[in-house]
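J.: Numbering (the UniProt record's numbering), first residue to last: 1 to 375.
Think of the CB as a built atom: it goes at the ideal place given N, C-alpha and C, for glycine as much as any other residue.
Since this is a predicted model, take the numbers as computed values, not measurements.
Below you'll find the structure I mean.
What follows is the structure, encoded as structure tokens:
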């Protein structure tokens, strides 16, 4: 299928300025970005088409070739027009293309034109309650942003970058080494294809400046350690007017003094007295929604687990809330008074004559006798 005219794709006139091209591209990129249109093949194709059009028209040398020869001027596979636009092809060019994959990081990898900015990572520390219920936090992120003085061009206001005289705007130069021709990044423009004779005083020709960006991050309920929140376009500004990268906010949930989390379930340990374990009773236990009553049956042993359904975490990706599992730990009394010791000693004597009160101990001793009997 024939490609559409690049100016038509971006919706600009043929004499459009760099700023107009950039504005048109950003509008289309935001509209058709795959993250905003999941599963939409038409939006994905439109996004790729806009990227291709902007990549060509934002580069002075490619745009000149496109204006003169059309798509054939920027696509070597479309025929002789491409050869005319780039000075023709010969035997040494073939070897140059092969060797450029090794010595120049791949064909076209360092040529001029807009480059997407780097993605950034920010670690967000949250309390368990914030992670479970969701919250909105304000963060400050150091990043590179587009210089407002020069609109990212790197050139002093009122001037523009010019085509590099060493590489002719291609961003690559060829070095003849006998029979072979090796392609390298242009040492003068460092692959951008452009030179700035009068740099911007604010960014010193870089087109980007460093600043602290303040952002509001909405954390959905149910996030856990390792979950990422993507903020599209909040990464570093792109070079040569390219689109900004993304910011990934990575969640880290702090340890909680009472609860441990495992997926959608919460766990906690509940200490109970020896008397409560033996006689049974009712205890108040904490949950993230407040205190609830927990009935302890008579004869409860250490390690017994009680499940409070729905008192865990509702997963961030949907589904029913998990449970809270309370593990009982019978606490041995300490710092006993004289009367308390006497009472416990009397109680111990009453147990020695009847093993039915300690079924686990009885079973353990029986097993030990069998073990030594086998030896």
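In terms of residue numbering, what span does the beta strand (DSSP E) encompassing residue 228 cover?
T.: Residue 228 -> beta strand (DSSP E) spans 228-231.
J.: For the stretch 60-77 against the stretch 161-169, do three or more pairs of beta-carbon atoms, one drawn from each stretch, fall closer than 8 Å, so that the two count as touching?
T.: yes
J.: My output table needs one value for residue 165: the three-state DSSP class, helix, strand or coil.
T.: coil
J.: In three-state DSSP terms, what is residue 351?
T.: Here DSSP, grouped into helix, strand and coil, assigns residue 351 to helix.
J.: Whole angstroms are fine: how far does the CA of residue 141 sit from the CA of residue 296?
T.: 51 Å
J.: Taking just the CA atoms, how far does residue 285 sit from residue 211?
T.: 48 Å
J.: Helix, strand or coil for residue 12 per DSSP?
T.: coil
J.: Answer yes or no: do residue 217 and residue 251 have a C-beta to C-beta separation smaller than 7 Å?
T.: no
J.: What residue range does the alpha helix (DSSP H) around residue 61 cover?
T.: 60-69
J.: Give the C-beta separation of residue 236 and residue 143 to the nearest angstrom, bearing in mind that I take them to be a contact with Cβ-Cβ under 8 Å.
T.: 5 Å
J.: Just how far apart, CA to CA, sit residue 17 and residue 231?
T.: 29 Å
J.: Near residue 155, what residues of its chain come up, given a Cβ to Cβ distance below 7 Å and the 5 sequence neighbours on each side ignored?
T.: The residues 161, 196, 198, 199, 200, in chain order, have a CB closer than 7 Å to that of residue 155 in the same chain once the five nearest residues on each side in sequence are set aside.
J.: For the stretch 312-320 and the stretch 262-269, state whether three or more C-beta atom pairs, one from each stretch, are separated by less than 8 Å.
T.: In short, these stretches touch, since the Cβ pair count reaches three.
J.: In the DSSP assignment, find the unbroken beta strand (DSSP E) run with residue 262 in it and report its ends.
T.: 260-262
J.: Check whether the stretch 275-294 touches the stretch 183-191, taking contact to mean three or more Cβ pairs, one atom from each stretch, closer than 8 Å.
T.: no
J.: Leaving out five residues on either side along the sequence, give the residues of the same chain with a beta carbon under 7 Å from the beta carbon of residue 206.
T.: For residue 206, where only same-chain residues beyond five positions count, the Cβ hits under 7 Å are 154.
J.: With distances taken between CB atoms, is the gap from residue 330 to residue 302 smaller than 7 Å?
T.: yes
J.: Grouping DSSP H, G and I as helix and E and B as strand, with all else coil, what is residue 294?
T.: strand
J.: Pull the bridge partners of residue 199 from the DSSP assignment, please.
T.: DSSP lists 155 as partners of residue 199.
J.: Since residue 237 sits in a beta bridge, which residues does DSSP pair it with?
T.: Answer by DSSP bridge pairing: none, since residue 237 is not bridged.
J.: Quick one: give me the first and last residue of the beta strand (DSSP E) that residue 329 is part of.
T.: From DSSP, the beta strand (DSSP E) with residue 329 extends over 324-331.
J.: Take the Cβ of residue 242 as the centre, count every other Cβ of all protein chains shown within 10 Å, and call the residue buried at 16 or more, exposed below.
T.: buried
J.: Using a Cβ-Cβ cut-off of 7 Å (strictly less than) and excluding sequence neighbours within five positions of residue 47, which residues of its own chain qualify?
T.: 29, 32, 33, 34
J.: Assuming residue 305 contacts residue 326 under a Cβ cut-off of 8 Å, what Cβ separation, rounded to an integer in Å, is found between them?
T.: 7 Å
J.: With distances taken Cα to Cα, identify the nearest neighbour of residue 174 among 163, 191, 159.
T.: 191
J.: Who are the near neighbours of residue 19 in its chain, counting only those whose CB is closer than 7 Å to its CB and skipping five residues on each side?
T.: 151
J.: Check residue 223 in the structure and name its three-state DSSP category.
T.: Looking at residue 223 - three-state DSSP - the assignment turns out to be coil, as it is neither helix nor strand.
J.: From the DSSP output, in three-state form, read off residue 121 for me.
T.: strand
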